[in-house]
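Under our numbering, the letters of the sequence shown match residues 211 to 716, in that order.
Working notes, structure below.
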Amino acid sequence: MPGTRTISILLSCLTAILASTEVQAGSEASVRAHQLVAQHKFRQAEVVLRAEASGSSDVPVLWYYAQVAHWAHRDRRAAAAFVQALEREPYNNKLRLDYARMLYEAERLNTAKKQLDKVIEKDTNDVEARLIRSNIARWYGRNRAARQDVHAVLARYPDNATAQDLHLAIDESTAPYLRYTIHYQNDDQPMQVIGSTAEAGVSYSWLLNPKVQATDREFYAGGKWNVTLAVSLGNKFVFGKTGTDVYLSAGAFKNFSAGAGWTGELTVKQKLYKYVALQLQAVRSPYLNTVSSASAALMQNTLSAGVILDKSNSWSAQAIYSYQFFQDHNAIQTASVWALSQPVRASVFSFRFGYGFRYATTAHSTYRSVRSLSEILATYTSGTQIAGVYDPYFSPVRQQIHSLIVSIALKPASFVTIDLKGDVGVYAQGQNPYLYLDKDATNTVFINAGSYRETFHPYRLSATFDFKLSRRISLGADYAYTSAFFYASHYTSVHLLVTFLKYAGR
211 MPGTRTISIL LSCLTAILAS TEVQAGSEAS VRAHQLVAQH KFRQAEVVLR AEASGSSDVP
271 VLWYYAQVAH WAHRDRRAAA AFVQALEREP YNNKLRLDYA RMLYEAERLN TAKKQLDKVI
331 EKDTNDVEAR LIRSNIARWY GRNRAARQDV HAVLARYPDN ATAQDLHLAI DESTAPYLRY
391 TIHYQNDDQP MQVIGSTAEA GVSYSWLLNP KVQATDREFY AGGKWNVTLA VSLGNKFVFG
451 KTGTDVYLSA GAFKNFSAGA GWTGELTVKQ KLYKYVALQL QAVRSPYLNT VSSASAALMQ
511 NTLSAGVILD KSNSWSAQAI YSYQFFQDHN AIQTASVWAL SQPVRASVFS FRFGYGFRYA
571 TTAHSTYRSV RSLSEILATY TSGTQIAGVY DPYFSPVRQQ IHSLIVSIAL KPASFVTIDL
631 KGDVGVYAQG QNPYLYLDKD ATNTVFINAG SYRETFHPYR LSATFDFKLS RRISLGADYA
691 YTSAFFYASH YTSVHLLVTF LKYAGR
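And the structure:
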């Protein structure tokens with residue numbers, strides 16, 4: 211469903227009930243179906259009505275069946291029945307509006323808009339038709355058309371609450387905004403990071419949705435401070451009729467202790483079916499996760515492809531494969547999948563439960579000795595362990611993690627949102643590297659590397675807090691503790707979001 215529904219389901223219920231009264235007197239099936247509908251047993255009602263509707267040319271019968279089939283999630287059968295009924299009564303605006311609503315709720319937006327155009331052509335003051343069409347235009351990135359329909363409703367009905375809410379939603383999604391974030395992270399490598407990010411953006415149309423971002427970071431690692439700066443400019447293109455979103459950005463990165471590089475991103479998200487989308491992504495960005503990378507201008511390139519299931523208030527899932535490579539031609543391949551249940555609500559709480567799996571590996575380990583060979587030999591005795599470090603990036607080898615996910619959302623007030631999440635590895639293992647002295651065929655000593663399989667227990671706990679001071683200003687804070695194979699870290703951030711709304715709503 212694209213966005214918040216602006217049309218009450220009670221309208222379609224009423225229409226269907228009125229249609230059913232015309233067929234109940236002479237139809238036992240319709241009477242039985244009406245009883246099932248009243249009990250919300252829509253699939254059983256659809257089966258009861260199907261035989262009667264398939265051989266009928268009576269508009270009330272087809273109309274009622276179409277609506278019941280839609281409630282039973284049999285949208286192809288519902289659409290066929292609506293089309294058959296409209297062939298017999300092409301000027302029935304209420305029937306056509308019901309058909310358009312069904313198409314909208316089934317996310318067949320192109321066809322829904324065509325039907326809505328016909329409804330509004332016959333009745334320019336049809337509130338529901340204009341509000342649905344406005345919502346479709348909004349999700350197509352046609353902001354001017356979206357505003358025109360909602361303004362037409364408010365001009366005639368200035369106190370219409372649904373129109374006011376939609377007007378505000380359009381303004382919130384298109385208004386210029388400024389977001390400023392301060393963040394701090396420390397881990398046991400050890401490394402500390404202090405930084406801030408400023409981001410500004412606006413949505414003009416399907417073709418122009420620019421965003422500019424600047425991030426500065428100060429790293430304390432290896433006994434010294436390093437400063438980096440990254441800036442980028444991007445734009446989102448919304449091709450609503452094909453269900454395609456494209457984000458394109460370019461930028462620059464500077465490490466003031468090392469060098470500079472260019473950054474970029476291309477993300478294509480293609481809707482496949484209702485709540486399912488395919489996402490393809492190519493990203494070039496700085497790598498800043500290790501002590502050695504903090505003092506270098508190390509760039510990473512990541513190609514990924516994934517399938518996303520995202521249905522509001524229902525199941526969600528994601529499966530992604532990524533190929534991450536560096537200038538040394540080494541690559542890290544990662545495959546991950548997770549799924550979350552639909553929310554289970556209790557009072558102000560909403561619980562979701564899920565499962566995640568991740569597998570990552572690389573062809574060559576980057577685990578290196580901290581000291582040179584000569585330094586090791588100068589103090590080496592039998593049994594001495596050779597200290598190592600990942601340089602310049604972490605390189606997992608045949609690492610797999612099975613985890614359980616718990617997500618808790620709290621909304622104690624309309625202006626406060628709290629999200630808690632736990633991701634706990636119940637079974638995880640990977641190759642743990644070690645270093646030792648070895649000799650080659652010429653009896654020359656060198657540092658060799660081996661590995662052994664080790665079980666570990668990763669987990670991540672996070673909390674997000676959002677407080678809406680007004681329709682234009684909100685504050686937020688994030689905290690996360692991560693215990694991973696390579697290190698454990700604390701991350702904290704606070705942010706201020708200012709939206710420059712023109713319309714403040716009710």
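Yeah, the Cβ is synthetic: ideal placement off N, Cα and C, and Gly gets one too.
Keep in mind that this is a model prediction, so the values were computed, not measured.
Measure the beta-carbon distance from residue i to residue j and round it to whole angstroms, keeping in mind my assumption that it falls under 8 Å.
{"i": "S546", "j": "R568", "result": "4 Å"}
{"i": "Q395", "j": "H700", "result": "7 Å"}
{"i": "G450", "j": "E475", "result": "With a Cβ gap of about 22 Å, G450 and E475 do not count as contacting."}
{"i": "A255", "j": "A243", "result": "4 Å"}
{"i": "A541", "j": "T572", "result": "7 Å"}
What did DSSP end up calling residue i once you bin it into helix, strand or coil?
{"i": "Q325", "result": "helix"}
{"i": "Q254", "result": "helix"}
{"i": "A687", "result": "strand"}
{"i": "Q552", "result": "coil"}
{"i": "N303", "result": "helix"}
{"i": "Y350", "result": "coil"}
{"i": "A408", "result": "strand"}
{"i": "K649", "result": "strand"}
{"i": "H705", "result": "strand"}
{"i": "D285", "result": "helix"}
{"i": "V580", "result": "coil"}
{"i": "H667", "result": "coil"}
{"i": "R682", "result": "coil"}
{"i": "A239", "result": "helix"}
{"i": "T391", "result": "strand"}
Using only alpha-carbon positions, find the residue among the options that is nearest to residue i.
{"i": "N523", "options": "R284, Q277, P553 and Y390", "result": "P553"}
{"i": "N302", "options": "D333, V599 and I392", "result": "D333"}
{"i": "P643", "options": "N653, F656, R663 and I628", "result": "R663"}
{"i": "G516", "options": "S495, L671, A506 and L490", "result": "L490"}
{"i": "A687", "options": "H574, E428, K712 and H705", "result": "H705"}
{"i": "E317", "options": "V258, Y350 and D336", "result": "Y350"}
{"i": "E382", "options": "S413, T452 and K484", "result": "S413"}
{"i": "A261", "options": "Q245, V247, E238 and Q249", "result": "E238"}
{"i": "M750", "options": "L417, P270 and W435", "result": "Summary: the structure shown does not reach residue 750, with the chain confined to residues 211 through 716, and so no result is reported for it."}
{"i": "T473", "options": "T452, A507 and R354", "result": "A507"}
{"i": "S442", "options": "A408, F429, T452 and S467", "result": "A408"}
{"i": "Y646", "options": "N320, K328, L587 and F625", "result": "L587"}
{"i": "K712", "options": "Y533, D538 and R357", "result": "R357"}
{"i": "A470", "options": "K446, S557, L439 and K251", "result": "L439"}
Counting only the same chain and skipping the five closest in sequence on each side, list residues whose C-beta sits under 7 Å from that of residue i.
{"i": "Y309", "result": "F292, L296 and Q325"}
{"i": "F604", "result": "N499, T500 and F696"}
{"i": "S551", "result": "W525, R562, F563 and G564"}
{"i": "P668", "result": "I611, G635, A638, S693, A694 and F695"}
Whose C-beta lies closer than 8 Å to the C-beta of residue i among residues of the same chain, with five residues either side of it excluded?
{"i": "S406", "result": "Y390, T391, I392, H393, T425 and D426"}
{"i": "L583", "result": "V655, F656 and I657"}
{"i": "I330", "result": "D336, A339, R340 and R343"}
To which residues of the same chain is residue i closer than 6 Å at the C-beta, ignoring the five residues directly before and after it?
{"i": "L224", "result": "Residue placement at L224 cannot be trusted, given a pLDDT of 45 that sits under 50; the coordinates are not used to answer."}
{"i": "T665", "result": "Q639"}
{"i": "D455", "result": "V448 and K479"}
{"i": "N511", "result": "R494 and F535"}
{"i": "Q234", "result": "Interpretation of Q234 is limited by its pLDDT of 46, a score under 50 that renders its predicted location unreliable; no figure is taken from the coordinates."}
{"i": "A492", "result": "L476 and L513"}
{"i": "Y689", "result": "A673 and T702"}
{"i": "H280", "result": "A288 and M312"}
{"i": "L630", "result": "I618 and A673"}
Closest Cβ-Cβ distance between residue i and chain C: below 8 Å?
{"i": "L519", "result": "Among the chains of the structure shown, chain C does not appear; only one protein chain is present."}
Going by DSSP, which residues form a beta bridge with residue i?
{"i": "W718", "result": "Missing from the structure shown is residue 718; the chain here goes from 211 to 716 and no further."}
{"i": "T544", "result": "S532 and A570"}
{"i": "A424", "result": "A408 and V441"}
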